[in-house]
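Structure first, then comments.
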């Protein structure tokens, strides 16, 4: 699996993801910080999915927040346990992971598109 931004992330996804991300970015930034501060993981991952999925814990319910995407909080070690990132892929993932204070690591999960995407947090 390619762990860098996918150039095929078309406008259909980018628009809805960016819109929802702008709404929830403060929550994701705080959750990322807590995951790292509590030594749960150095590699927080937020799953954006249109339906509920068994990847981490539900952080933001799209229906309740009037969003298109549900957001689940997860992290690299859980992705390894669930077989999404292979043991052999850990080093590649870690080498492409961006600064978690500046970028949010999203795992976008939809019927036509499944990949990691890094989106910068808005400037304060």
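Numbering (the working numbering), first residue to last: 3 to 126. The C-beta atom is built at its ideal place from N, Cα and C for all residues, glycine as well.
- Sequence-distant Cβ neighbours of residue 79 in its own chain, meaning closer than 7 Å and more than five residues away, are 43.
- Residue 125 and residue 104 have their alpha carbons spaced roughly 9 Å apart.
- Close CB contacts of residue 27 within its chain, under the 6 Å cut and outside five residues either way in sequence, are with 123 and 124 (chain order).
- Residue 110 sits in a strand when the DSSP states are folded into three classes.
- Boundaries around residue 73 are those of the beta strand (DSSP E), 72-77, since no alpha helix (DSSP H) includes it.
- About 5 Å separates the beta carbon of residue 46 from that of residue 77, a gap short enough to meet the 8 Å contact definition.
- For residue 51, the enclosing beta strand (DSSP E) has its first and last residue at 46-51.
- Distance between residue 117 and residue 35, taken at the CA atoms: about 22 Å.
- DSSP places residue 118 inside the beta strand (DSSP E), whose first and last residues are 116-122.
- Per DSSP, reduced to three states, the secondary structure at residue 61 is strand.
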